[in-house]
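Colleague:
In the numbering used here, the protein residues as written are 0 to 190.
(1) Find the nearest neighbour of residue 117 within the set 37, 95, 144, 94, judged by alpha-carbon distance.
(2) Using CA atoms only, rank isn't needed, just tell me which of 174, 3, 178, 172 is closest to residue 166.
(3) Determine which residues share a DSSP beta bridge with residue 109 and list them.
(4) Determine the direct distance from the alpha carbon of residue 81 to that of residue 153, and round the result to whole angstroms.
(5) Using a threshold of 8 Å, state whether the C-beta atoms of residue 7 and residue 18 are closer than that.
(6) Are the beta-carbon atoms of residue 137 and residue 85 separated by less than 8 Å?
(7) Going by DSSP, which residues form a beta bridge with residue 38?
(8) Is the distance from the Cβ of residue 47 to the Cβ of residue 38 below 8 Å?
(9) Alpha carbon to alpha carbon, how far is residue 159 from residue 150? Give it in angstroms, no decimals.
(10) Alpha helix (DSSP H) containing residue 74: first to last residue?
(11) Would you mind reading off the limits of the beta strand (DSSP E) that contains residue 185?
(12) Exposed or buried, what is residue 161 when buried is set at 16 or more other beta-carbons lying within 10 Å of its beta-carbon?
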């Protein structure tokens, strides 16, 4: 294969520039000898590399030291966000499950038991005899059966212009359906 002289000189020029850059020297490493070709300067140290040493270098380079995980670097933010989300959900669920149920009707006190009806109120003002008797009379005039609805709760106070009563088949302390009905009397006069 015959290489044109111009191509040969261009390649040698590229090699000279590369060696100067790598060797960080301005000395001429390859000289042109007229009618003979090119010659490496005698002061340049030339090392001959055998094929066996090249193969050993390739084996060393091919042996993986520690596997690299490029996907881990790429997905690290997503993994952090997902982990944080799951931890937040777990902590929220634990907090939700450990909250003690507050029973709204724990503050209600038993005022009186009459004809099998248990009358409860959390308002101190209902404990006056006249007011309680008027409320009880209103409830019993509706035809309420104390055998069917034995639990009566008064949530209203004397400050409201109405009387409300919750009549239930089961006490509120029981879980599940207590079978309650609301009685509401508007315009009830508080004495």
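Backbone N, C-alpha and C fix where the C-beta goes; we use that ideal spot for every residue, glycine too.
Note that the coordinates shown come from a computational prediction; the quantities given were computed from them, not determined experimentally.
Modeller: Per the coordinate set shown:
(1) 144
(2) 178
(3) 119
(4) 50 Å
(5) no
(6) no
(7) 30
(8) no
(9) 22 Å
(10) 69-97
(11) 179-185
(12) exposed
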